[in-house]
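Encoded as structure tokens, the structure appears first; notes follow it.
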Amino acid sequence: MVDAHLSLPFPWWYTALCLLVGLAFATLLYNKTAFDHPWAKYAKYLLFTLRALAVAIICFLLCSPILKHISYTEQKPSIVIGVDQSQSVGFALKNRQAQITKKIAEIKDALSGDYNVSVLSIGNDLKNEVTDKFDKKATNINQFFENINESSSYSTLGAVVLLSDGIFNTGPSPLFEASRIKAPIYSVAIGDTTPAKDLTIRNTIHNEIGFMGDISKVQIDIQAFNLQGKSATVSVNQVNGTSNQQLQSKTINIANSNFFQTLEFAIPLNKAGLQKYVINVSQLPGEATFDNNSKEFFIDILDSKLNIDIVASAPHPDISALKYVIDENKNYDLKISYLNQTVKIHEKCDLLILYQVPTINQFSSAFENLWKTIENRKISTLFILGGQSNLSRFNQLQNVMQVSPGQANMNDVYGIVQSNFPIFSVKDEWKTALPTFPPLQIPFGNFISGPGANVLMYQKIGRVETKYPLWSIGMMDGQKVGVIAGEGLWRWKMSESARTGRTPVFNDIVSNTMRYLATREDKRKFKVRSDETNYEESDNIVFSGELYNENYELVNEPEVNMTLTGIDKKEFKYALDRTEHGYKLDIGQLNSGSYNYTARVKYQGKELTYTGNFNVRVIGKEMFDLVADFGLMRQLSAQSGGLTLYENQLDQLVEKIKYNEAIKPVISTNKKTDPLINLKWIFGLLALLLAAEWFIRRYMGKY
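Once you know that position 139 of the sequence shown is 138 in my numbering, the rest is easy, because the numbers rise by one and skip nothing.
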């Protein structure tokens, strides 16, 4: 519907004035004009009228009148129906899955006349098509509501319908996103809140990475419903190809109808590589499903230890504090040497810690002899300064921190940790704990950060916060270098232990520093890596590749090919896509199993290869929790002003929506203004008036 009216940006009497101007103009023109024609009397009145109207219209248009158009459009409300097609809903529906799908289609047809209806399938992702199979391996209800909030397609949202059992196992809780929806939510609850007979592996906690020869602890949560008085065996097996070796087993006695127990297994890590383990729990008679009696997990076992050497001029409590942190990590092999003996560090040394070395005492020459043997070995180094440090020689050996010595005494300084430290994450606990630590003792002097140095802590002297570096990490000649400008680390450890009984902050700061310095960078010129080591079946497998020239600049001119091999030895061949500087490949989703890949490229007459592996694990989330959460469904409806229905009330849904007076069409108003002078028919009228006047005057013999 369109409504149009004239708007005058001037007083109404201007219109009368325009008519007077037209009459005056016509009077002046025709008052003394005489025609020699029988029709002269009538022709003069007609010409007078035509001229008066033409002039009056022109004057009126010069006053800029506006024509306003107002159109009204009725938009149907949008109804969004989300159908949870996960395995847990399929388990609850059993053989009624096709029946529910058909019912949803009927509801859509019944509402389509008055509403714009969209139906979405909910699983680990969203689909626009609902099928007869409820077999999604994960449920992300939050994504459903997030899609509604972010999509422009639902600007006239009238209602949301969610058919689900209320169980979500991917993504955050949907309550927040649902609270942003300004429309009633109709929850259709599916399933049973009464647990069926079932024994399930509810959760597992384990390390993703381990080291050869270590023992790894695995925590397993076992839950059972309505199986009191029964006993079951829980075992951990290592699977390697077709072999299946049981590592450990334990027996549990189910004492009550709602049973829960946490078991801990210690499994040996005896083979390098990505190893697969399977947890099995006995299948008991009467269980609703056996799909949740088995669960797999993977540990990437590394067959390499990092060698750390500490060289000092004399024993010190700080060395014991460092040893305590290093010994906590089974991946480190520590060797402590003193300059009063013959020093021989690891043949393959990953980190050299020089404690108050170079020194000013009688062992300075012993250090110089040692330095001659290692200065060309490109070893990452951590310098720790103290009262016995030779600062002049220290300044010559590195460029991360320069110290201008002052008086021959020590300063007490506190550390101010920097949140924006780029090398590793700074935790909030560090910021809280550091002000409570006692001060470090550092040589008196001026401290200057070198080019490219990253400062983890600055010095606080008394109450004055300075920009003098206290704890820094940088690079020199391609090697990592760290500097701790003071001694007294043992006091930090003792202080934290006295307050909390543990030393997590001290361990964290020191171990993060040593881990970064000791880890060697991969200098290979060709690399192709999968984004993850462990994927789930619903994840897309993505690879990224890098190729460097002799100057270690990224290039991507040659083609990179990759061969992927699965557990069945079947091969798949791919070519990586070029990006701005490197390579990228998304091969989509794969079935569960272990995969190896080999990437090849021909560059500058040489064939370069890179090999790797990854694992795709069965999601299996859905069958480990089969008890419907109707509380969530009711909460979603209540906070939005909607209703909660149950499967046997699905026939009432159309009626409930249609009789909800709050769900109404939206009337949108579109206003448009046009100056009257823009209308072509006005000019046509003026042309007609003036042409008629001219024709009559000519006919009367005045032209």
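Built from N, CA and C at the ideal position, the CB exists for glycine as well.
Item checked: Three-state secondary structure assigned by DSSP to residue 491 -> Reduced to three states, the DSSP call for residue 491 is helix.
Margin query: Nearest by alpha-carbon distance to residue 459: which of 535, 411, 447 is it?
Written below: 411
Notebook entry, point to check: When DSSP labels each residue in this structure, what does residue 603 get in the three-state scheme?
Noted result: Residue state, collapsed to three classes: coil.
Next item on the list: Kindly indicate which residue of 182, 224, 44, 487 has the alpha-carbon position closest to the one of residue 625.
Entry: 224
Notebook entry, point to check: For residue 691 versus residue 5, is the C-beta distance shorter than 8 Å?
Noted result: no
Next item on the list: Compare the Cα-Cα distances from residue 192 to each of 91, 27, 650, 335 and report the closest residue.
Entry: 91
Note to self: In this structure, how does DSSP classify residue 331 when only helix, strand and coil are distinguished?
What the structure shows: strand
Note to self: Buried or exposed for residue 183, going by 16 or more other Cβ atoms inside 10 Å?
What the structure shows: buried
Next item on the list: Return the bridge partner residues of residue 414 from the DSSP annotation.
Entry: DSSP output for residue 414 lists 458 as bridge partner(s).
Next item on the list: Would you give the residue range spanned by the beta strand (DSSP E) that residue 350 belongs to?
Entry: Here the beta strand (DSSP E) through residue 350 covers 350 to 354.
Check: Where does residue 657 land, buried or exposed, given buried means 16+ other C-beta within 10 angstroms?
Finding: exposed
Check: Under the rule that 16 or more other beta-carbon atoms within 10 Å means buried, what is residue 173, buried or exposed?
Finding: buried
Note to self: By DSSP's criteria, residue 73 is part of a beta bridge. Which residues make up the other side?
What the structure shows: 666
Next item on the list: On a CA-only basis, which of 342, 350, 72, 340 is nearest residue 333? Give me that one, please.
Entry: 350
Item checked: Alpha-carbon to alpha-carbon, residue 166 and residue 455 -> 44 Å
Next item on the list: Spatial neighbours of residue 418 within its chain, please: CB distance less than 6 Å, with the 5 preceding and 5 following residues excluded, ordered by chain position.
Entry: 425
Note to self: Taking 8 Å as the threshold (C-beta atoms), are residue 540 and residue 589 in contact?
What the structure shows: yes
Check: What residue range is occupied by the uninterrupted beta strand (DSSP E) comprising residue 470?
Finding: 463 to 475
Next item on the list: Please name the residue in 542, 381, 514 whose C-alpha comes closest to that of residue 610.
Entry: 542
Check: Helix, strand or coil: how does DSSP classify residue 537 here?
Finding: In the structure shown, residue 537 sits in coil (DSSP, three-state: anything other than H, G, I, E or B).
Check: Under the rule that 16 or more other beta-carbon atoms within 10 Å means buried, what is residue 19, buried or exposed?
Finding: exposed
Notebook entry, point to check: So the alpha helix (DSSP H) residue 432 belongs to, where does it begin and stop?
Noted result: 427 to 432
Item checked: Minimum C-alpha distance to residue 15 - residue among 30, 44, 107, 56 -> 56
Notebook entry, point to check: Comparing alpha-carbon positions, which option in 484, 392, 436, 632 lies nearest residue 445?
Noted result: 484
Notebook entry, point to check: What does DSSP give as the partner residues of residue 68 in its beta bridges?
Noted result: 3, 671
Margin query: Measuring only the C-alpha atoms, how far is residue 202 from residue 310?
Written below: About 46 Å.
Check: If you pair each beta-carbon of the stretch 307 to 325 with each one of the stretch 488 to 507, do three or more pairs fall below 8 Å?
Finding: Enough Cβ pairs lie closer than 8 Å, so yes.
Item checked: Every unbroken beta strand (DSSP E) inside the stretch 374 to 413 [3 residues or more] -> 380 to 383
Next item on the list: Under 8 Å by Cβ, that's how I've got residue 471 and residue 461 pegged, so tell me the actual separation to the nearest angstrom.
Entry: At roughly 22 Å, the Cβ-Cβ gap does not stay under 8 Å, so residue 471 and residue 461 are not in contact.
Note to self: Less than 8 Å between the beta carbons of residue 122 and residue 84, yes or no?
What the structure shows: yes
Check: Who are residue 222's beta bridge partners in DSSP?
Finding: 199, 259
Margin query: To the nearest angstrom, how far is the alpha carbon of residue 467 from that of residue 457?
Written below: 6 Å
Item checked: Length-filtered (3 minimum) beta strand (DSSP E) runs lying within the stretch 159 to 196 -> 184 to 188
Next item on the list: Starting from residue 441, follow the beta strand (DSSP E) in both directions and report where the run begins and ends.
Entry: 439 to 448
Next item on the list: Taking residue 270 and residue 300 to be in contact with their CB atoms under 8 Å, please state how far apart those CB atoms are, rounded to whole angstroms.
Entry: 6 Å
Next item on the list: Would you kindly work out how many angstroms separate the C-alpha atoms of residue 144 and residue 102, rounded to a whole number?
Entry: Rounded to whole angstroms, residue 144 to residue 102 spans 22 Å at the Cα level.
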